[in-house]
Structure formats: structure tokens, C-alpha cells
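J.:
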Amino acid sequence: MAKYVYDFTEGNRNLKDLLGGKGANLAEMTNLGLPVPPGFTITTEACRHYLAEGALPEGLDREVEEHLRALEESMGKRLGQADDPLLVSVRSGAKFSMPGMMETVLNIGLNDESVHGLAKQAGGNDRFAWDSYRRLIQMFGKTVLGIDGDLFEDALDALKDGRQDTDLDAGELQRLVESYKGIVRDQTGDDFPADAREQMRMAVMAVFDSWNAPRAILYRRQERIPADLGTAVNICSMVFGNCGGDSGTGVAFTRDPGSGRQGIYGDYLQNAQGEDVVAGIRNTIPLQELERLDKRSYDELLSIMETLENHYRDLCDIEFTIERGKLWMLQTRVGKRTAGAAFRIATQLVDQGLITMDEAVTRVTGDQLARLMFPRFDAGADKRRIAKGMNASPGAAVGKAVFSSERAAELAAQGEDVILVRRETNPDDLSGMIAARGILTSRGGKTSHAAVVARGMGKTCVCGAEELDVDTAGRTFSAPGGVVVNEGDVISIDGTSGEIFLGEVPVVASAVVEYFEGAEPEDDLVKAVDRIMRHADGARRLGVRANADTPEDAARAVRFGAEGIGLCRTEHMFLGDRRQLVEDLVLAAGAEDRQAALDALEPLQKSDFVGIFQAMGDRPVTIRLIDPPLHEFLPDIVGLSVKVATGEATDKDRALLAAVKRLHEQNPMLGLRGVRLGLVIPGLFAMQVRAIAQAAKEVPGARPEIMIPLIAAVQELECVREEAAAILAEAGVGALIGTMVETPRAALTAGQVAEAAEFFSFGTNDLTQMAWGFSRDDVEASFFSRYLELGIFGVSPFETLDREGVGRLVAIATEEGRATRPDLKIGICGEHGGDPDSVHFCHDTGLDYVSCSPFRIPVARLEAGRAALSDTDSDTR
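Read in the working numbering, the sequence shown has 1454 at position 72, and its numbers run on one by one without any break.
Right under this line is the structure:
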């Protein structure tokens, strides 16, 4: 029979799939002999069964009861016991950290009798007992019973009447408990459950249910966490930070998660329970202040932090509670960090001898590198600073101030840049946090919900800006000096300095982009990037090329580390003032007109190629022959029809309309384009091949590769190849001739196609469209969001390669193509070439190179190195 429950003494950190990250790490700390309250973990397998079957698995209740009895024996008290109660917390814990996205219930086991026993345990501290009881009803009511949390908050605020929650006395808290029980009764029709075991059982199911809560689904989608993992549930004996001034709770990091610099970083809150810190209901104090309040606990905490960092060999995020002077460890995990911190910490750990450079490369990601390439504020620009908060997550963000997540999502959907402004955020704000350019809060510290989630998403965040008076209901905030910012006013926030500016502050290129452009690495961050990039380049097997159509793009690609051009789109060269020449060619009445148009185009094409070859030197340049959907180069049929109908048309207009009607297509993307156009219009491809050959003769070292687009049958390729090879031979120029594999039939007949092709390049944009049977231009706005909500897509197949479908076509074509031609060169040149996950797929499938836009080249280089070094089932997700 399956085992669904593990004591903390039974697990270890390698069991995250089964015990979740929190449970595995609680077990690991227990094994290390650290002060962890006793408890046990219900596995992710139990959750998956519950979500699939709608009921707890057979035998789970029995296992939970056995472990609970063992816990009661070890603690010398029983759950819910009236005179000496054991209380427990019920907390979620997925394999990958999802801060605040799922549920937690503290103080399980309290009722109208055991609350007095809890007060007795605390030496007659009635205030502490009633405070714990009101917290249970509030958390249980919102989390388990689904009651609107504002009802509890409003009752608490009315009682506080402007005071802090710590100012409420025992009598007031007892009255609040009665008020809360009334809310439960009014909202559910039932009394708050007094049976402690029933409380625990209901809380466990609520945690399981929270795996599929909208905010958890949204977060998983944002972070690309698989939806089928499920969450574990951790049941832990309670320790209390709300016992008075000698108690408290805090969050600590072994290094600064914002910058990566070593030191003491964290927040502490006296007389509080754990959720108070991340909720931001009171501003915390810096962790260093704990030394003054409780030096013994402070010193013990620093020793444990050092132990954990050396054990995990990484930045650790730690939750702790001090109960009447006794330190307890409630959680540790490899901490989320900003992109800059990730690179700094990786190289620091190398220098400390804790990890190798190979490991350092796997500790950072292409997504993090991309964030470092975002712009920053211009230090020399005029700007009006109105306040300063904590620099929770770096970056430069400019946008309209909005005061609700709903408004942020609404304006972002309309293309507006927004800054989400809140007193503090909570998990229900996730949709607005995703939509916003940046997040600004007036409360909370570097470990608040806003800070932790923003760092995980790479969003700019300034939190704890106490100078701001935020009125979310009135949609405004005020700052010192009489400054008032209303919803819609533009503000700028600097997540690196914590500064808040009125109006738009200009941005400039990041130091990392300047490094890739050729500047010498100077600051410690750029030096860390340089070290990791050099090592990744030395480790990777995949080549990295650029998608570039102009000499300027080609030169930039070389600076960013491109080893060639994987896709030069020649149709882009025909736009603008050359459009008329292509129109003349397509609409030519006879051979003479057609040749005149070709003769006019050839020297222009040659000039284009000369510039690109010069920029690339001796690097290979794959040139795709013209592949335009025909409608892009034809006059607008509607406009011409109107001119003819209104009598404004010339003879030429009427002739054009007749020709356009003749060539009009219902679905141009599947019509006369690519190789079909080259075969239908005599001389078109020949003109391009001659231009390539003549340009290559003028540029010493030029290495052209000619790519035939959109073939579906080897015979199409053979027809073009024969003519192209003859032109190249006549010019005395050597060039590979290959094809772009972008139709499913080409992929499935790759063995035949390879008989005529010297290389394949997968055009995964079109291959994705044809494999899925939809047009990217039409469907992304119409139903993709719904497909993501329903889980049909985990991520858009145009963003990350669909491994099961499109990826299988790529794998089949690669295997069968090389069976025919073992030395077949194979690459990918769709947008997926710069996507981290897709790069790993290309490595695993045995491709020779990926090709992407110039600014994604560093990302592809890094991910190609990571792919070569590990499978990256990384704790830094």
C-alpha cells in the first residue's frame, strides 16, 4: 500500500517530488539537528489522488492519525486538549516555491475550551491565547470556508480604531473572537468547528484545493511550473511568536536577494506570527535589530544561517520564530533572487570553493540574463524624487499609477504601461503584479509578499515607502511636500535605489548590454556575467547564429557573439521604396516586363548581400530566398475597388485591380509563396542566386548558404537546386544549398529531402502554425488566453517549442535526414531559437545551431552552455 505520510525525521531534501520543497527541507534541517518543531508531511501523491478522484486516498486518514498520535506522545499533550492543548499549523509546500499562492492555517486545535488551556501554558497570558484564537478563525474562515477576508479585516479595523493590533487587550480580543464566530455563522449557516481533528482534516483538504485556485494557476503559468505536480501538506507543532516582547517571527536571507552581496539581510517583527511578516500589516525592523533585542537568539540564528548556506551551497531563505527566547526554524529553501544577485552569488560561491564554474553556469538562466539587459534610468536626466522606499527588486519601471490589480490588468491589456500602487500586496494581487511594469507599496520589507513575488518574476519593486500615504479607495497617494498622485498620473520607480519619481524618467542601455556591445567589464555584476558567459561558451556544443536582414543587424549580432547568420530574410529587403519593383515583377504582363523588373532588382540585392557579407567576415550566412505572402506586395484590393467604383481610377488602377483579383488568395499564408513563387515566376530565384554569387566574389572570405523556403516535396527543391547550382558554378562560387523545413510534410519526408539538401533549418513559426492548424496572427488575441486558462497550453506554442507535437516533427526530420546524409547540417531559425527551454530541446535533439534575433544571442549562448552542463532541474526556479 502506498505511503502517504512521512515524519520530518524520515525525509530529506532530495524528496521534493514527494514531500514538496517545504517538507523536504524541514526534514533536512531535522537531520542536521537544527531546532525544528516536530511534525509530519502528507505527500504530493495524496494531493494528486485527491484532485483526480475528489476524495482523500484510502488509508490516508489512518496514517495521519498514527503520526498525530506519535506527535502527541512526543509533545506530551493532545490536539485540542482543553487544559493543555497541542496546536498545529497546516501549511502547503509544492516542489517549487510558490510564495503566498496556496493556503496556510495556523493555531489548529483551538476552541472555546482549549483557549483557556493555551493561556495557562503561557503562564496566564490571556491576551496571547485570544489573539491566537482570533487568528485561527480568521485564517480558517477565509482559507477553508471561503468567507470574504474583508469581513474579518473590517471587524478588526473597527476594533483597533487606528491602533496597532498589538495594542488590543485580552478582553477586546475575546470580543473579536465572538464577532468572528458570528461572521462564520452568518456566512456559512454553521458554527465554527470546535473539533480539533475536524479542523485539521478540513484544513488539509483546503490546502489541496488551493493548488487549483486561480492565483496558483496564474502563478504556475507565469513561472512555467507544471500543473500536475500537486502540493504536499506539512503539519507542524505550533511555536508562537505572539507571546509578547520576548517573542517574534522573521525571515532571513544568507545573502542579499536583491544584490547578491554578502551580509545580514532580513526582517523581524516582535510579538507576531509568521504570516504578519509577509502580509506587511506592520512594518518590520531590520534583522540586525534582533541582536539588541535577543543577542542569544541572534547569534544562534547567524550560526544556523552559515550552516545552511554551506550545506545547500547557495543563498538560503529562512523563516524562523522566537518563542519566549527560544529559536525555532520553520522553513528553509534555496532563495529566490534577482537576476543580478543570481550572477553575483554564482561567482561568489565559486570563489569561496563551494561550487565549480560548471555549477555556476547552471545556477543562472537565460531569462535572468535577459532581465539584466533591460534599460535603466539615465543618471544624468532631470528628475523629481518624491519619496524613497526599500529597493526590493531592481530595474527601471515607468508607467501610470493604478491602485487595483483589476485596473492594472485592464490598462495593460490596452497596451498601457502601469505601476501597481498598494499599501501592501497579497496573493489576490497576482494578476495585477504580472500586468504591471513595476510594483510600489507603502508597507512591508524586503521579505514582504510584494518583494518576494516581484523578485521571482523579475519585476521592478519598491516597497515599504513609509513616506507615502496610499488611499486605494480614493485611487490616489500623497508624498511629502504636498505632492498628490492620482490614478493615471505617470510615475517612475527605481528598484535598485528604492527611489520614486514624479513623471517619466528617461532610460538608457544597461551596463550588461554595453558589455555585449564591446565595453570592458568594470563593475562586479558585469564581471560576473563575463565569467559565466565565457565558461558557457567553452562548454556549449550548440552554435548560435543570428536572424539578421541588414548590415547593421549583422554587425550588432557579431558584437553579441553570433557565429553566423542562420536566417537572412530577403523579402524584408523589398519593402519600402523597392516595393514598387516587386509589384512590377508580380504583375508583369509578359516576359519583357518581368525581366526589366528583375534587372532593376538584381544590383540592389547584390548591394544588400555585400554589406551583410562584409559585416559577417568569414562567418556563414544563410540566405533564405524570397518568401513573401503575396498580399504583402500587392496593392490593396479594397482601396483599388473603391477607386474604380467611385470613378477615380486611372487605366493603370483598373489594370492593377484586374491583376490583383486574378492573384487574390483567401489564405495567403498557405498560397503562392516560398518555393512556389520561385517556380511560378521564372527568373526570380535565379536573380537572387546571381546577386548572392556576385556579392560573395566581391567580399573575400564570404560564406553564403542558400536556403529554399517552404518546400513540401523533394521535387520542388530539386528544381530550384539544379538552377542555383548551375549559376554558382558559372560564377565560381561555392555555397551550400539547403532548405527551410517548415511544413509537416517536409519534416515527415526528410529522408527524401536530404538527398537534395545539404542543410536543414527548421522554420518553427510556420511549422507550429501548420502542425496546430492555426494562424498566429489571428488566434493569439482571440482564444490563446482562454486556452492558457483551461490548461490546454502551459505556455504559448509560439513562445516555447511544443515538444510533443512540433518537437516530434523536428526530431523525426533530424533522425531521418541524417540517416540519408550523415553530415547534414541542421539548425533552427524560428523565434524559438532564443527561447531558453527550446534551446535545451535543440541541444537534446542533436541540432548543430540555433538562430535568433541579435538581442537574444547572449541568452541562447548561455542556455546552450547550461544545456551542455546539466538537465537544469534547478532549485533556482
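From the three backbone atoms N, C-alpha and C, an ideal C-beta is built for every residue, glycine too.
Could you tell me how far apart the beta carbons of Ala2246 and Val1926 are, in whole angstroms, since I believe they sit closer than 8 Å?
T.: Locating residue 2246 in the sequence shown gives position 864, counting from the first residue. Locating residue 1926 in the sequence shown gives position 544, counting from the first residue. About 6 Å; that satisfies the 8 Å criterion.
J.: Report all residues from its chain with a CB closer than 8 Å to the CB of Asn1507; omit the five preceding and five following residues, and keep chain order.
T.: In the sequence shown, counting from the first residue as 1, residue 1507 sits at position 125. So the qualifying residues of the chain are Ala1501, Cys1625, Gly1626.
J.: From Gly1880 to Glu1440, what distance separates their C-alpha atoms?
T.: Translated into the one-based positions of the sequence shown, residue 1880 becomes position 498. Translated into the one-based positions of the sequence shown, residue 1440 becomes position 58. Straight-line Cα distance between these residues: approximately 52 Å.
J.: Going by Cα to Cα distance, which pick from Asp1764, Ala1742, Leu1884 is closest to Ile1801?
T.: If you number the sequence shown from 1, residue 1801 lands on position 419. Out of Asp1764, Ala1742, Leu1884, Leu1884 has the C-alpha closest to the C-alpha of Ile1801.
J.: When the distance is taken between beta carbons, is Lys1765 closer than 9 Å to Val1887?
T.: Locating residue 1887 in the sequence shown gives position 505, where the first residue counts as 1. Locating residue 1765 in the sequence shown gives position 383, where the first residue counts as 1. Yes, the pair counts as a contact, with Cβ atoms nearer than the cut-off.
J.: Give me the Cα-Cα distance between Gln2070 and Ser2220, rounded to the nearest whole angstrom.
T.: Within the sequence shown, residue 2070 is the residue found at index 688, counting from 1. Within the sequence shown, residue 2220 is the residue found at index 838, counting from 1. Their Cα atoms are separated by approximately 32 Å.
J.: Pick helix, strand or coil for Lys1658, following the three-state DSSP scheme.
T.: Stepping through the sequence shown from its first residue, residue 1658 is reached at position 276. Note that residue 1658 corresponds to Asp in the displayed sequence, not to Lys. In this structure, Asp1658 counts as helix in the three-state DSSP scheme.
J.: Kindly indicate the opening and closing residues of the beta strand (DSSP E) around Pro2002.
T.: Here the question's residue 2002 lines up with position 620 in the sequence shown. Where Pro2002 is concerned, the enclosing beta strand (DSSP E) stretches over 2002-2006.
J.: Please classify Lys1782 as buried or exposed, where buried requires at least 16 other C-beta atoms within 10 Å of its C-beta.
T.: Residue 1782 sits at position 400 when you count from the first residue of the sequence shown. Answer is buried; the Cβ neighbour count reaches 16.
J.: Name the two residues that bound the continuous alpha helix (DSSP H) containing Asn1493.
T.: Counted from its first residue, the sequence shown places residue 1493 at position 111. First-last for Asn1493: undefined, no H or E at that position.
J.: Tell me which residue opens and which closes the beta strand (DSSP E) that Glu1881 is part of.
T.: By 1-based counting over the sequence shown, the position of residue 1881 is 499. Unbroken beta strand (DSSP E) run through Glu1881: 1881-1884.
J.: Determine the direct distance from the alpha carbon of Leu1731 to that of Leu1751, and round the result to whole angstroms.
T.: Numbered from 1 along the sequence shown, position 369 holds the residue referred to as residue 1751. Numbered from 1 along the sequence shown, position 349 holds the residue referred to as residue 1731. If I take the Cα positions, the gap works out to 18 Å.
J.: Thinking C-beta only, is Ala1928 closer than 9 Å to Gly1993?
T.: The sequence position of residue 1993 within the sequence shown is 611, counting from 1. The sequence position of residue 1928 within the sequence shown is 546, counting from 1. Contact flag unset, no.
J.: Name the residue from Asp1443, Leu1469, Leu1442 whose alpha carbon lies nearest to the alpha carbon of Leu1453.
T.: Counted from its first residue, the sequence shown places residue 1453 at position 71. Nearest of Asp1443, Leu1469, Leu1442 to Leu1453, Cα basis: Leu1469.
J.: What residues in its chain sit with their C-beta under 8 Å from that of Met1457, if we drop five residues either side in the sequence?
T.: Residue mapping note: residue 1457 aligns to position 75 of the sequence shown, counting from 1. Same-chain partners within the cutoff: Pro1420, Leu1468, Ser1619.
J.: Can you give me the C-alpha to C-alpha distance between Arg2259 and Asp1733, rounded to a whole angstrom?
T.: To locate residue 2259, count along the sequence shown from 1; it is residue 877. To locate residue 1733, count along the sequence shown from 1; it is residue 351. The pLDDT assigned to Arg2259 is 37, lower than 50, so where the model puts this residue is not dependable, and the model offers no usable value.
J.: When you compare the CB positions of Lys2322 and Thr1744, do they come within less than 9 Å of one another, or not?
T.: The structure shown does not extend to residue 2322, since the chain spans only 1383 to 2259, so no value can be given for it.
J.: Which one of Val2042, Asp1912, Ala1930, Glu1965 has the shortest CA to CA distance from Asp1990?
T.: Taking the sequence shown and counting its residues from 1, one reaches residue 1990 at position 608. Checked all of Val2042, Asp1912, Ala1930, Glu1965; the closest Cα to Asp1990 is Ala1930.
J.: Beta strand (DSSP E) containing Leu1401: first to last residue?
T.: What you label residue 1401 is simply residue 19 of the sequence shown in a count that begins at 1. First-last for Leu1401: 1398-1413, but that is the alpha helix (DSSP H), not the beta strand (DSSP E).
J.: When you compare only the Cα positions, how much space is there between Pro1933 and Gly1856?
T.: What you label residue 1933 is simply residue 551 of the sequence shown in a count that begins at 1. What you label residue 1856 is simply residue 474 of the sequence shown in a count that begins at 1. So the alpha carbons of these two residues sit roughly 53 Å apart.
J.: Per the DSSP calculation, Ile1704 is bridged to which residue(s)?
T.: Sequence index remark: in the sequence shown, residue 1704 carries index 322 (1-based). In the DSSP output, where bridge partners are listed per residue, Ile1704 has Gly1630, Leu1709.
J.: Among Met1839, Ala2107, Glu1410, which one has its Cα closest to the Cα of Glu2140?
T.: Taking the sequence shown and counting its residues from 1, one reaches residue 2140 at position 758. Ranking the options by Cα distance to Glu2140, first place goes to Ala2107.
J.: Could you tell me the distance, in whole angstroms, from the CA atom of Ala1861 to the CA atom of Arg1430?
T.: The sequence position of residue 1861 within the sequence shown is 479, counting from 1. The sequence position of residue 1430 within the sequence shown is 48, counting from 1. Cα to Cα, Ala1861 sits roughly 49 Å from Arg1430.
J.: Evaluate the contact criterion for the segment 2208-2217 versus the segment 2140-2157: three or more CB pairs, one atom per stretch, below 8 Å.
T.: These segments touch.
J.: Just verifying my parser: in three-state terms, what is the DSSP assignment at Asn2147?
T.: Start at 1 with the first residue of the sequence shown, and residue 2147 comes out as number 765. DSSP places Asn2147 in helix when its eight states are reduced to three.
J.: At what residues does the beta strand (DSSP E) containing Val1872 begin and finish?
T.: The count along the sequence shown starts at 1 and reaches residue 1872 at position 490. That run of the beta strand (DSSP E) goes 1872-1876.
J.: Out of Glu1673, Asp1966, Arg2203, which one is the CA nearest neighbour of Ala1982?
T.: What you label residue 1982 is simply residue 600 of the sequence shown in a count that begins at 1. Looking at the Cα atoms, Asp1966 is the closest of the given residues.
J.: Considering just the uninterrupted stretch of the beta strand (DSSP E) at Ala1721, what are its terminal residues?
T.: Locating residue 1721 in the sequence shown gives position 339, where the first residue counts as 1. That residue, Ala1721, is in no beta strand (DSSP E); its alpha helix (DSSP H) goes 1721-1733.
J.: What number of angstroms, rounded off, separates the C-alpha of Arg1976 from the C-alpha of Val1964?
T.: Translated into positions along the sequence shown, residue 1976 becomes position 594. Translated into positions along the sequence shown, residue 1964 becomes position 582. When rounded, the distance between both Cα atoms is 10 Å.
J.: Using the Cβ count rule (16 or more neighbours within 10 Å means buried), how would you classify Gln1520?
T.: Your numbering for residue 1520 matches position 138 in the sequence shown. When all chains shown are included, Gln1520 counts as buried.
J.: For a test of the three-state rule: what should DSSP assign to Arg1678, helix, strand or coil?
T.: As a working note, residue 1678 is residue 296 in the sequence shown. Here Arg1678 sits in helix by DSSP.
J.: Roughly how far, in whole angstroms, is the beta-carbon of Ile2005 from the beta-carbon of Met2122, given that I think they are within contact range, below 8 Å?
T.: Sequence index remark: in the sequence shown, residue 2005 carries index 623 (1-based). Sequence index remark: in the sequence shown, residue 2122 carries index 740 (1-based). Contact doesn't hold; Cβ gap of about 11 Å is too wide.
J.: For Gly2199, count the other beta carbons within 10 Å of its own beta carbon; 16 or more makes it buried, fewer makes it exposed. Which is it?
T.: As a working mapping, residue 2199 is identified with position 817 in the sequence shown. That one is buried.
J.: Quick check on DSSP: helix, strand or coil for Lys1841?
T.: Residue mapping note: residue 1841 aligns to position 459 of the sequence shown, counting from 1. Lys1841 falls in the coil class under three-state DSSP.
J.: Can you list, in chain order, the residues of its chain whose CB lies under 6 Å from that of Ser2256, leaving out five sequence neighbours each side?
T.: Walking along the sequence shown from the start, residue 2256 turns up at place 874. Note that Ser2256 has pLDDT 43, beneath the 50 cutoff, so the model's placement of it is unreliable and no number is given.
J.: Would you kindly check if the distance between the Cβ of Leu1697 and the Cβ of Ala1723 is under 9 Å?
T.: Locating residue 1723 in the sequence shown gives position 341, counting from the first residue. Locating residue 1697 in the sequence shown gives position 315, counting from the first residue. Yes, Cβ-Cβ distance for Ala1723 and Leu1697 is below 9 Å.
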